[in-house]
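In this note's numbering, the protein residues as written are 346 to 734.
Have a look at this one:
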């Protein structure tokens, strides 16, 4: 689901379709100063925060948040805003932006199955089928739980907890395969008569993606932990569901290849793993880093680390993608920096972020890519703070 962009402009856009204003600011960022990396990275993080907000800012009487895919601002895809706002969710300075977006999502969720479509037009509302119901729900839940766990989000959570639980139950648990534990990409009741010219990655409801299910695992785990802290009766149900998803993800690992199948049906269709001509970066190699990105357990700690390392080696085996910028616009390339930081390779993470910072000026801006860069910077800062103690 890494496919929609926010264009970078040199000035503020005016009122859009009568629904308020969208600010997409231009940005010229300084390169990292090698002598003072922490100071420069902190400044870069602040700039990223502001530019994430310029992509998704509540405005107008309806307090609507939008994610636009072109200058006219007609389209919106919710998944990317959820990813983009996640690193800001527990910061009280961004309460209005995060809460406004969450409320809007809840207002648009379909009553019958708690899914929502993307919007190909905002005024009037014109829906299009989303790429994946499971990812939409998972990233919304992660954002809601992180915000609801913050001091400023406590009241919102009390008021909306039941709706978040309903989305998790109806979109994720009801579409979890009994045997494998994996959640299907689309809800079984999903075909709505919306725009079928862009049906997303799959035209079926019966397949399960590796990347999506890593997101689902994280969402269910976060929700279970939040409910357990609140002594909620449903906590155990979601904890068990998360464990079942993790087991399904582990079953996608091919020990001979040292890598994951990206789709559950591939285990039958391609028993000898991937033909060489299918080993492009996205999605085949990029998917390999998702279990580590979302901390999916794959056996005990030693087994998990071994599989993370093998998948990383598989993902980076064809060379330069982990070493320099890539211009393809359908993936948040800064996830490379985040994974490198999580793996303790701070030199590579810093180098990728510096390339990204220098490469942003005058190009398209992606809310989800900026969020990944911001999380990578946070990871580097946490490590520095820990080492300084």
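For each residue, glycine too, the CB sits at the ideal point set by N, CA and C. Predicted model only: the values in this text are computed from it and were never measured.
If residue i and residue j are in contact, beta carbons under 8 angstroms, what's the gap, nearest whole angstrom?
{"i": "residue 434", "j": "residue 491", "result": "4 angstroms"}
{"i": "residue 638", "j": "residue 712", "result": "Rounded, the Cβ-Cβ distance is 17 angstroms, inconsistent with contact."}
{"i": "residue 657", "j": "residue 692", "result": "That belief does not hold up - the Cβ atoms of residue 657 and residue 692 are roughly 15 angstroms apart, past 8 angstroms."}
{"i": "residue 723", "j": "residue 678", "result": "Contact flag wrong, Cβ pair sits at about 18 angstroms."}
{"i": "residue 531", "j": "residue 477", "result": "7 angstroms"}
{"i": "residue 568", "j": "residue 508", "result": "About 12 angstroms separates the two Cβ atoms, so there is no contact after all."}
Regarding residue i and the ligand MG, is the C-beta to nearest heavy atom distance less than 7 angstroms?
{"i": "residue 483", "result": "Of the ligands one can find in the structure shown there are none, so the ligand MG has no counterpart to examine."}
In whole angstroms, give me the CA-to-CA distance for residue i and residue j.
{"i": "residue 607", "j": "residue 640", "result": "17 angstroms"}
{"i": "residue 552", "j": "residue 558", "result": "11 angstroms"}
{"i": "residue 596", "j": "residue 399", "result": "41 angstroms"}
{"i": "residue 655", "j": "residue 504", "result": "44 angstroms"}
{"i": "residue 439", "j": "residue 497", "result": "10 angstroms"}
{"i": "residue 417", "j": "residue 556", "result": "Low per-residue confidence applies at residue 417: pLDDT is 43, beneath 50, and the placement is therefore not dependable enough to give any value."}
{"i": "residue 681", "j": "residue 690", "result": "11 angstroms"}
{"i": "residue 429", "j": "residue 719", "result": "10 angstroms"}
{"i": "residue 449", "j": "residue 484", "result": "15 angstroms"}
{"i": "residue 494", "j": "residue 502", "result": "8 angstroms"}
{"i": "residue 541", "j": "residue 581", "result": "Note that residue 541 has pLDDT 43, beneath the 50 cutoff, so the model's placement of it is unreliable and the number below is only indicative. Near 38 angstroms, if we compare the C-alpha coordinates of residue 581 and residue 541."}
{"i": "residue 383", "j": "residue 721", "result": "13 angstroms"}
{"i": "residue 627", "j": "residue 661", "result": "12 angstroms"}
{"i": "residue 506", "j": "residue 636", "result": "27 angstroms"}
{"i": "residue 583", "j": "residue 648", "result": "24 angstroms"}
{"i": "residue 521", "j": "residue 585", "result": "12 angstroms"}
{"i": "residue 422", "j": "residue 560", "result": "17 angstroms"}
Which residue comes first and which comes last in the alpha helix (DSSP H) that contains residue i?
{"i": "residue 705", "result": "Taken as a continuous stretch (DSSP letters only), residue 705 belongs to no alpha helix (DSSP H), as it is neither H nor E."}
{"i": "residue 441", "result": "440-453"}
{"i": "residue 655", "result": "646-660"}
{"i": "residue 554", "result": "Note, residue 554: premise wrong, no alpha helix (DSSP H); not H, not E."}
{"i": "residue 636", "result": "635-638"}
{"i": "residue 424", "result": "423-430"}
{"i": "residue 505", "result": "499-512"}
{"i": "residue 490", "result": "478-493"}
{"i": "residue 732", "result": "712-733"}
{"i": "residue 474", "result": "It is not in any alpha helix (DSSP H) - residue 474 carries neither H nor E in the DSSP assignment."}
{"i": "residue 582", "result": "580-596"}
Considering only their Cβ atoms, is the gap separating residue j from residue i smaller than 8 angstroms?
{"i": "residue 462", "j": "residue 475", "result": "yes"}
{"i": "residue 486", "j": "residue 387", "result": "no"}
{"i": "residue 431", "j": "residue 517", "result": "no"}
{"i": "residue 338", "j": "residue 454", "result": "Because the chain here runs from 346 to 734, residue 338 falls outside it and cannot be looked at."}
{"i": "residue 604", "j": "residue 659", "result": "yes"}
{"i": "residue 644", "j": "residue 589", "result": "no"}
{"i": "residue 676", "j": "residue 631", "result": "yes"}
{"i": "residue 458", "j": "residue 515", "result": "yes"}
{"i": "residue 510", "j": "residue 716", "result": "no"}
{"i": "residue 725", "j": "residue 686", "result": "yes"}
Against chain D, with Cβ distances strictly below 8 angstroms, would residue i count as a contact?
{"i": "residue 724", "result": "Here chain D cannot be found, since the structure has a single protein chain."}
request  = Would you check if there are 3 or more beta carbon pairs closer than 8 angstroms linking the region 381-393 to the region 437-453?
outcome  = Here the region 381-393 makes no contact with the region 437-453; the two share fewer than three CB pairs at distances below 8 angstroms.
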